[in-house]
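K.L.:
Protein chains: 2
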Amino acid sequence: MGAIIDGKAIAKGIKEGIKRDVESFKKERGVPPKLSVILVGENAASLSYVRGKEKACAEAQIDSETLRFPANIEEKRIIEEIKKLNENKSVHGILVQLPLPESVNQNNVLEAISIYKDVDGLHPYNMGKLFKNESPLFVPCTPQGIIELILSTGAEIKGKKATVIGRSNLVGKPTSILLLYRHATVTICHTRTEDLAAEARAADILVAAAGRPKTVTKDMVKPGAIVIDVGISRTEKGLIGDVDFEGAREIASHITPVPGGVGPMTVAMLLKNTLKAAQMTME
Amino acid sequence: MGAIIDGKAIAKGIKEGIKRDVESFKKERGVPPKLSVILVGENAASLSYVRGKEKACAEAQIDSETLRFPANIEEKRIIEEIKKLNENKSVHGILVQLPLPESVNQNNVLEAISIYKDVDGLHPYNMGKLFKNESPLFVPCTPQGIIELILSTGAEIKGKKATVIGRSNLVGKPTSILLLYRHATVTICHTRTEDLAAEARAADILVAAAGRPKTVTKDMVKPGAIVIDVGISRTEKGLIGDVDFEGAREIASHITPVPGGVGPMTVAMLLKNTLKAAQMTME
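Note that the protein sequences, when read in sequence, are chains A and B.
Just so you know, we're using this note's numbering here: the first sequence kicks off at 1 and counts up by one.
Just so you know, we're using this note's numbering here: the second sequence kicks off at 284 and counts up by one.
(1) Could you work out which residue in ILE433(B), ARG475(B), ASP478(B) is closest to THR241(B) when comparing CA atoms only?
(2) Which residues in the same chain as HIS406(B) place their Cβ atom closer than 7 Å to its Cβ, once the five residues preceding and following it in sequence are excluded?
(3) Looking at chain B, is there any beta carbon in it that lies within less than 8 Å of the beta carbon of MET280(A)?
(4) Under the three-state reduction of DSSP, which class applies to PHE308(B): helix, strand or coil?
(5) Could one say the Cβ of GLY411(B) lies closer than 8 Å to chain E's Cβ atoms, at least one of them?
(6) Is the distance from the Cβ of ASN107(A) to the Cβ of GLU75(A) below 8 Å?
(7) Give me the subset of the segment 469-497 of chain B whose CB atoms are less than 8 Å from a CB atom of chain A, sorted by chain position.
(8) Between GLU283(A) and chain B, is any beta-carbon pair separated by less than 8 Å?
(9) Any C-beta of chain A sitting closer than 8 Å to the C-beta of PHE414(B)?
(10) Strictly under 8 Å for the Cβ-Cβ distance: is ARG51(A) near chain B by that measure?
(11) At the level of alpha carbons, what is the spacing between LYS505(B) and LEU206(A)?
(12) Closer than 8 Å, CB to CB, is PRO140(A) near chain B or not?
(13) So, are the CB atoms of PRO419(B) and LEU461(B) less than 8 Å apart?
(14) In chain A, what lies closer than 7 Å to THR408(B) by C-beta?
(15) Looking at ASP195(A) and THR217(A), is the spacing between their C-beta atoms short of 8 Å?
(16) Thinking just about the alpha-carbon of each residue, which of GLU431(B), GLU348(B), GLY376(B) is nearest to the one in ALA294(B)?
(17) Can you check whether the C-beta of LEU180(A) is within less than 8 Å of a C-beta belonging to chain B?
(18) Does the structure place the segment 50-67 of chain A close enough to the segment 25-39 of chain A that three or more beta carbon pairs sit under 8 Å?
(19) Taking a contact to mean a Cβ-Cβ separation below 8 Å, would you say GLY159(A) touches ARG450(B) in this structure?
(20) Closer than 8 Å is the cut-off here; do at least three beta carbon pairs connect the segment 359-369 of chain B with the segment 336-343 of chain B?
(21) Between ASN273(A) and chain B, is any beta-carbon pair separated by less than 8 Å?
(22) Would you mind telling me which residues of chain A sit closer than 7 Å to ARG450(B), beta carbon to beta carbon, in chain order?
(23) How long is the line joining the alpha carbons of GLU283(A) and LYS19(A), rounded to whole angstroms?
(24) Measure from the alpha carbon of ILE157(A) to the alpha carbon of each residue in ASN273(A), GLY231(A), VAL96(A), ILE226(A), then state which is nearest.
(25) Got a sec, what are the start and stop residues for the beta strand (DSSP E) ILE288(A) sits in?
(26) Using CA atoms only, rank isn't needed, just tell me which of ASN169(A), PRO257(A), ASN126(A), GLY241(A) is closest to GLN464(B).
(27) Hey, could you find the ends of the alpha helix (DSSP H) PHE528(B) is sitting in?
(28) Please check if any C-beta of chain A sits within less than 8 Å of the C-beta of VAL550(B).
(29) Which chain B residues sit within Cβ distance under 8 Å of GLY17(A)?
(30) Starting from ARG212(A), follow the alpha helix (DSSP H) in both directions and report where the run begins and ends.
(31) Quick check on DSSP: helix, strand or coil for GLU566(B)?
(32) On the three-state DSSP scale, how would you describe LEU553(B)?
(33) Tell me whether ASP195(A) sits in a helix, a strand or coil according to DSSP, three-state version.
(34) Under 8 Å Cβ-Cβ, which residues of chain B neighbour GLY159(A)?
(35) How big is the Cα-Cα spacing for ASP284(A) and SER152(A)?
(36) I'd like to check one pair, MET284(B) with CYS424(B): are the Cβ atoms closer than 8 Å?
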């Protein structure tokens with residue numbers, strides 16, 4: 001029976017460390033780190049995520065504000081707001097909660113964020129620095145959190161076979177790149193992969209970020225593998241991941257639960273990035 | 284016995300098409316597309332590559348100039364030259380021949396190039412757009428050429444297993460990403476990969492970009508695979524690739540030779556990118 005990777009507890013430890021660093025920052029600078037979140041429309045999941053981020057900021061003594069706009073706002077208005085935040089010295093991090101309404105070009109909005117305040121790490125410049133392995137200012141939060149969870153098991157990543165299911169900009173691709181930089185042999189799978197079960201079964205480290213419940217079943221897990229479940233699907237039974245947790249747990253050495261696995265780490269990494277953004281302004 | 288993918292002939296066809304488009308461009312605009320190459324120091328391979336690029340430009344009626352600097356030039360001087368080229372409306376493409384001397388920070392130099400003239404596609408912004416799959420202005424030349432060579436065989440990439448050996452910014456990573464966007468299941472291997480032979484043998488499409496002769500031997504090729512050899516090592520016997528060509532050819536369905544495979548395609552794609560840079564200024 002595999003051990004459960006307790007993302008909630010690991011995130012708690014990280015957040016306590018950040019809180020201490022925030023206190024030092026405030027003592028030195030007289031002001032807190034500050035995160036501005038832009039929320040467009042009334043997507044229920046987005047509202048819930050934003051509330052979680054606000055709460056985590058408050059706990060870490062990071063100042064936060066949420067700028068809310070109706071779903072029919074014009075793209076150029078959002079970009080104007082971002083430009084104001086870019087200029088505003090009391091704001092250190094800017095986060096645009098995704099998805100945006102379809103009428104808005106998401107790329108234009110993300111590219112308007114100053115690369116120095118891009119705490120989600122989704123600006124093409126920061127993504128390019130990540131892709132080139134040239135010290136990006138910010139690395140996307142969920143992939144950072146995934147690496148921390150894998151390292152928490154004490155396992156070595158170097159030389160291991162890692163399979164990532166999903167090729168999104170938020171999770172699949174940046175997670176693959178971070179695993180590559182830690183010297184895993186990385187395979188990226190997706191909906192067109194012909195034999196997903198075989199690719200999954202070959203993996204010492206299996207990251208499921210497909211966004212489809214039960215993508216990974218017990219027979220797809222290599223004995224002793226580390227299984228990271230990034231899926232979050234809202235169902236009548238509550239949040240469920242991409243992995244058949246009970247089945248996979250019988251085979252894996254370590255596995256993350258949903259909820260309480262990757263989710264809390266994403267928020268912890270957002271706080272870390274926001275503190276970093278504030279610290280970068282010190283010089 | 285596998286068919287030889289004749290990169291030289293395929294590149295010739297592409298270059299002829301570019302030449303026709305260049306002629307149309309000149310007729311419309313009264314000026315030719317122009318590429319400026321920055322060459323620092325006396326690296327023999329670099330000199331040879333730059334000569335090849337100049338010759339190919341001349342054949343396609345693309346104007347080119349090479350700005351040569353001594354190996355001890357200061358970084359800021361190179362950046363000043365690039366800024367002048369960025370402002371110069373008669374220059375459409377800027378290419379810095381790599382490697383630069385160790386005293387120069389390569390990243391600073393590449394980031395000084397205007398993203399609109401970045402015909403090598405190595406600016407972090409363009410690499411980030413590539414990584415995000417958001418229509419980069421320019422895609423690196425060698426990876427583009429590799430995709431063209433694979434497509435020339437008539438094989439479908441979608442759903443196939445592709446193994447890329449090497450994780451460089453110039454070849455390995457961008458080639459992996461381009462194969463991913465064409466819906467291959469992509470595995471990236473490198474020096475820390477534990478069982479390279481097995482990863483190679485699983486591949487329907489095998490791209491060898493390790494830069495080490497005989498990295499891929501006959502026993503590492505899946506019967507019927509397409510083998511693309513990106514290696515170029517200069518030896519006493521001339522240029523040799525990463526693949527044991529004679530052995531691998533017995534097993535592969537298609538294979539590129541060295542020289543005459545990927546190399547000519549890289550130059551053809553550079554001409555294509557330079558023409559694109561010139562065309563982008565038309566509006």
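For each residue, glycine too, the CB sits at the ideal point set by N, CA and C.
P.N.:
By the coordinates alone:
(1) The question about residue 241(B) has no answer, for chain B in this structure spans 284 to 566.
(2) LEU393, GLU394, ILE396, ILE398
(3) no
(4) helix
(5) The structure shown contains no chain E; its protein chains are A and B.
(6) no
(7) VAL469, THR470, ILE471, CYS472, HIS473, ARG475, THR476, GLU477, GLU482
(8) Note that GLU283(A) scores a pLDDT of 49, beneath 50, so its modelled location is shaky; the value from the coordinates is reported in the next line. False, the Cβ-Cβ gap to chain B never drops below 8 Å.
(9) yes
(10) no
(11) 25 Å
(12) no
(13) no
(14) Before going on, a small fix: residue 408(B) reads as Tyr here, not Thr. Ordered by position in chain A, the residues that pass the 7 Å Cβ test against TYR408(B) are PRO124, TYR125, GLY128.
(15) no
(16) GLU431(B)
(17) yes
(18) yes
(19) no
(20) no
(21) no
(22) LEU180
(23) For GLU283(A), the predicted model reports a pLDDT of 49, less than 50, meaning its position is unreliable and no value from the coordinates is stated.
(24) ILE226(A)
(25) In the structure as shown, chain A begins at 1 and stops at 283. Residue 288(A) is therefore absent and cannot be evaluated.
(26) Per the sequence shown, residue 464(B) should be read as Tyr rather than Gln. Selected option, being the one with the closest Cα: ASN169(A).
(27) 528-532
(28) no
(29) Near GLY17(A) there are no residues of chain B at all, since even the closest Cβ is about 30 Å away, more than 8 Å.
(30) That residue, ARG212(A), is in no alpha helix (DSSP H); it is neither H nor E in DSSP.
(31) Reliability fails at GLU566(B), whose pLDDT of 49 lies under 50, so the model's placement of it is uncertain and no value is given.
(32) helix
(33) coil
(34) ARG475, THR476, GLU477
(35) Chain A is shown from 1 up to 283; residue 284(A) falls before or after that span and cannot be answered.
(36) no
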